[in-house]
Amino acid sequence: MNQLSRPPREKLMLSTRSLLMLASLLVGCTAEPLAPPPPPPAEVARQVLPPMPEGHPDVAALSVLSRGTRRMSVEQLERSLDSIGQLPPGSVKLPDSLALTLGRPDFLQVTEETLEPSPLFMKFMMDLGGIFCSNVSDGDPARPVEQRVLTRFSNRDENLRYLVLRFTGIEGAAADPYVERLRPVFEQGRGGAKGEASGWQAVCLALFTSPEFLLY
Amino acid sequence: MTKHALSTFIVLAGLSAGPEFQAAAQGAETCKVVRPLDGQRLLRRMTLDLRGVTPTYEEARLQEGRADLPESAVDAALATDDFRGVMRKYHQAMLWPNVSQADLSPDPFKLFAYEFGPDDFVYFSFVRAVFSRTISGALYNPCKNEPARFDADGNIIADPYIVNGETVAWQEGYVMVEPYWAPGTQVKVCGYDAQPALSAPACSGAPERYPFLAPSCQAIGDYAAATRTPFTNQPLDCSGPFAIFAPGCGCGPNLRFCTTPETLATIQQSLLDQELGLIDGVIRDDRPYTDVVLSKVAPVNGPLAHYLRYQSRLSTDLFGDPDAGLPLPPELNYSSPPGQWVNVTRGGRHAGVLTTPGYLLRFQSNRSRAHRFYNAFECSSFIPAGSLPSPFEPCSKHEDLTKRCGCDACHLQLEPMASHWGRFSEYGFAPIDDRTYPQFVGAGCTAPFESVERLFRCSRFYKIEAVGEEIPFQYNLNAYVFRTPAEVANIEAGPAHLAEQAIASGSFATCTARKLWTHLMRRSPSADEEATVIPGLAQDFKDNGYRLKRLVKRIVLNPAYGRAQ
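So the protein sequences, as listed, match chains F and S.
Quick note on numbering: my numbering labels position 101 of the first sequence as 104, and the sequence is numbered without any gaps.
Quick note on numbering: my numbering labels position 475 of the second sequence as 493, and the sequence is numbered without any gaps.
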């Protein structure tokens, strides 16, 4: 189509507008009943907030900033497990390929360490925890008492407190709820193939995979 | 951290009793309540941050019942070697050390062990095999597993390897060599690879004997003839970039020019360790942090000294000529004890990590070197203001990026910064020596050339065939093309000048404070902190001799660090 045969744009717009106006007039003249009025707006559900609990900090204090939370890096994890397990430095060493998967950068393709506690990370922690706790549990009886990790004390709760402190840095009254929760873990675990050792293994695994250990 | 991720922990562990973890696990909408962290947890946080490990039982016992973090515990952590290690990691995240992409050892000089049987192997180079043995058919023919024979002149005797009546390769035997990486031992090395010559004639064999070398010899020979440059049958340096064209060149005495996968990995690691070791020294000795970008002192170890003495000139791409400003301690050789590092004082335009081979090889263009500095030490980036204009716009046709529209926004600032590295080779690490390579070369880069290496360097380093806007810069060293007088002064001054500017402006101190704050707090400073806390930290850092340990201590003892959310 050449330029001359094309209708001017303004003319097209005008004709479209005219058609619309005509259509609206026709609708206005129809004998059909008008559409029913729209329903009233639904009531907005109101949630009544409970009063501030006792001891809640002053609202003004909420703007006070803290340090952020992060998970341990692969290296921190390896070194901390050496320390907790009272193992020679370098005993816990993840394969390089796995360390890359868990966020260690190679500074070529990946330049920032990933420290998100992803489900994939937790899956590997479950696996690593299983291996670590099993090995520590197997080796514990052969160690002098003061070097034991899971059975350092003859008293169950003392052991639990020791382990909570070593894994999470939680002590005293703050550790009470943890000890409370770990007792049934131990009791259920001791029903396993290795008896008491299985119980301590279960406690170790529970602590290993807890956020209080992996996050700081 | 996302609530989802946190919940993942709780579901799996089923243990957590802490209010912050429990609330998130239940998906409750909680406000961000901030409260002081328990003393024991605070010790754990600080120890993980400064030493990279949880506290020992003894350290935890000492902290029992304490609500605060004693200053002495922080001092003790800062004094450990662990802290140096943690700071090394911190700087790795800033400098991205990795030289695996750099061609440190060209393929003809890479030796591999060819196994003839259990515990019976011979070292040989796959690529040298093609150029020295192969006639047709299979490319990578090793030598024979029998002692090499020599004629009366000491030349290697090779026997034809015949398949279906046709000679497909020439094979020599092996010789026993004491390798530089294991003095006192002997290894089998294929005769051609083991040749100890320091120089040998170029393209000296008959073309039918070296069918894979002959085409390249012909091409270079023709070009050399056209530029009246001596080449065929002229002696070539066996440790130089054209050594592969001399059939009489091999790995040199004690195989010094060649690498194995193990020695190459050691050299790569040494390059990175040198860069980070320079920082280690600053941290360990609590020297001014400005030394990281200014110090002339750098550590050198045996493998690095060996590489710089014998192997760095072999590549045609990577420029690694001897650095007159870097004295190599004569007592260092490849087999020096692994942990033996000797501090050397560098001359020339060297400046802290910014001119270490590790840094220069990781960031191979001067622009990327400047950009990394800008990002790591000034906390700034070059981000384009918008999309590029049409390439058909006249202003898009400028060769000079400081004038090309769309590019100019960044390059007006980037080019002056990048010019500070103008006297260091791009894709290489060696300084471009002022006397050998003056700013303007003129007749120094016109035929006849003294050697093919000179011809090659001229075309690499100089703007020989200038076009368009480049014409005023013909025969200038590439780094000087389009540079203003001020930028030429930057080239002459070197990277230390850029670092000194950042230090003088305060951006170095502010950036260091902000980066460390972000690293230790695991979050960026808030707007308020940016306005109030960071300037105070930066000023104190500056006023107290840029001591990094002091800055770390101030951040760790800041009340915000001791709070939990």
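Ideal placement from N, C-alpha and C gives every residue a C-beta, glycine not left out.
Buried/exposed call for residue i, threshold 16 Cβ in 10 Å
i: Ala145 of chain F; result: exposed
i: Leu344 of chain S; result: buried
i: Met105 of chain S; result: buried
i: Pro36 of chain F; result: Because the pLDDT of Pro36 of chain F is 48, which lies under 50, any placement of that residue in the model is unreliable, and the question is left without a value.
i: Ala578 of chain S; result: buried
i: Thr152 of chain S; result: buried
i: Arg167 of chain S; result: exposed
i: Asn508 of chain S; result: buried
i: Met435 of chain S; result: buried
i: Gln79 of chain F; result: buried
i: Val570 of chain S; result: buried
Contact set between residue i and chain S, taken where Cβ atoms lie within less than 7 Å
i: Leu79 of chain F; result: In the sequence on display, residue 79 of chain F carries Gln and not Leu. Near Gln79 of chain F (Cβ distances below 7 Å), the residues of chain S are Leu66, Gly70 and Val71.
i: Ser83 of chain F; result: Val71 and Thr72
Cross-chain neighbours of residue i in chain F, by beta carbon under 9 Å
i: Met105 of chain S; result: Those do not exist, as Met105 of chain S stays about 13 Å from chain F at its closest Cβ, beyond 9 Å.
i: Asp56 of chain S; result: Gly172, Ile173, Glu174, Gly175 and Ala177
i: Gln583 of chain S; result: Leu68, Ser69, Arg70, Gly71 and Thr72
Residue-chain proximity (residue i, chain S), Cβ-Cβ < 7 Å
i: Val206 of chain F; result: no
i: Glu199 of chain F; result: no
i: Asn111 of chain F; result: Checking the sequence shown, residue 111 of chain F turns out to be Leu, not Asn. Closer than 7 Å to some Cβ of chain S, the Cβ of Leu111 of chain F qualifies, so yes.
i: Ala176 of chain F; result: no
i: Ser140 of chain F; result: no
i: Gly106 of chain F; result: no
i: Arg151 of chain F; result: no
i: Cys32 of chain F; result: Caution applies to Cys32 of chain F, whose pLDDT of 40 falls short of 50 and renders its modelled position unreliable; the value that the coordinates give is listed next. With 7 Å as the cut-off, Cys32 of chain F does not count as an interface residue toward chain S.
Neighbourhood of residue i by C-beta, 6 Å cutoff - its chain only, sequence neighbours within 5 removed
i: Arg387 of chain S; result: Phe381 and Trp439
i: Trp535 of chain S; result: Pro543 and Ile573
i: Phe500 of chain S; result: Asp418
i: Pro126 of chain S; result: Ser143, Val145, Arg146 and Ile262
Nonlocal neighbours in the same chain, by C-beta distance under 8 Å from residue i, ignoring five residues either side
i: Gln358 of chain S; result: Asn319, Gly320 and Leu350
i: Pro347 of chain S; result: Val318, Ala323, Val360 and Val362
i: Tyr192 of chain S; result: Val140, Cys161, Lys162, Asn163, Glu164, Pro165, Ala166, Lys206, Val207, Cys208, Gly209 and Ala212
i: Phe491 of chain S; result: Lys481, Ala484, Tyr498, Val499 and Phe500
i: Arg504 of chain S; result: A quick correction: the sequence has Ala, not Arg, at residue 504 of chain S. Pro434, listed in sequence order.
Any C-beta of chain F under 7 Å from that of residue i
i: Ala166 of chain S; result: no
i: Pro115 of chain S; result: yes
i: Gln557 of chain S; result: no
i: Val52 of chain S; result: yes
i: Ser544 of chain S; result: yes
i: Tyr377 of chain S; result: no
i: Gln457 of chain S; result: no
i: Gln287 of chain S; result: no
i: Ala578 of chain S; result: yes
i: Gln382 of chain S; result: no
i: Gln252 of chain S; result: no
i: Leu575 of chain S; result: no
i: Arg62 of chain S; result: yes
i: Phe59 of chain S; result: The sequence as given places Arg at residue 59 of chain S; Phe does not occur at that position. Yes, its Cβ sits closer than 7 Å to a Cβ of chain F.
Neighbouring residues, chain F, relative to residue i (Cβ below 7 Å)
i: Ser469 of chain S; result: Within chain F, no residue comes near Ser469 of chain S; the closest Cβ sits about 36 Å away, beyond 7 Å.
i: Tyr75 of chain S; result: Arg169
i: Met539 of chain S; result: Arg70 and Gly71
i: Glu82 of chain S; result: Glu174
Same chain, Cβ closer than 7 Å to residue i, neighbours up to 5 away in sequence not counted
i: Ala520 of chain S; result: Phe395, Glu396 and Phe526
i: Cys136 of chain F; result: Gln204, Cys207, Leu208 and Phe211
i: Lys533 of chain S; result: Cys397
i: Pro178 of chain S; result: Thr185 and Trp188
i: Ser443 of chain S; result: Phe337 and Ile450
i: Gly486 of chain S; result: Glu417
Contact list for residue i against chain S, beta-carbon separation under 8 Å
i: Ile87 of chain F; result: Thr72
i: Glu116 of chain F; result: Ala111
i: Met75 of chain F; result: Leu66
Proximal chain F residues relative to residue i, where beta-carbon distance stays under 8 Å
i: Ala78 of chain S; result: Leu168, Arg169, Gly172 and Glu174
i: Ser118 of chain S; result: Leu111
**Request:** Could you tell me whether the region 129-143 of chain S touches the region 273-280 of chain S, using the rule of 3 or more Cβ pairs below 8 Å?
**Result:** Three or more beta-carbon pairs drawn from the region 129-143 of chain S and the region 273-280 of chain S are found closer than 8 Å, and the two stretches are therefore classed as touching.
**Prompt:** Does the region 63-73 of chain S touch the region 99-115 of chain S, meaning 3 or more C-beta pairs lie closer than 8 Å?
**Reply:** A contact exists between the region 99-115 of chain S and the region 63-73 of chain S.
**Message:** Would the region 263-274 of chain S count as touching the region 214-233 of chain S if we require 3 or more Cβ pairs under 8 Å?
**Reply:** yes
**Request:** Decide yes or no for the touch test of the region 158-172 of chain F against the region 93-107 of chain F: beta carbon pairs closer than 8 Å, at least 3 of them.
**Result:** no
**Asked** Using 8 Å as the threshold, is the region 464-476 of chain S in touch with the region 232-246 of chain S, meaning 3 or more CB pairs across them?
**Response** yes
**Request:** Assess, as a yes-or-no matter, whether the region 117-128 of chain F is touched by the region 66-83 of chain F under the definition of 3 or more beta carbon pairs within less than 8 Å.
**Result:** yes
**Prompt:** Looking at C-beta atoms only, is the number of pairs between the region 301-312 of chain S and the region 557-568 of chain S that lie closer than 8 Å three or more?
**Reply:** yes
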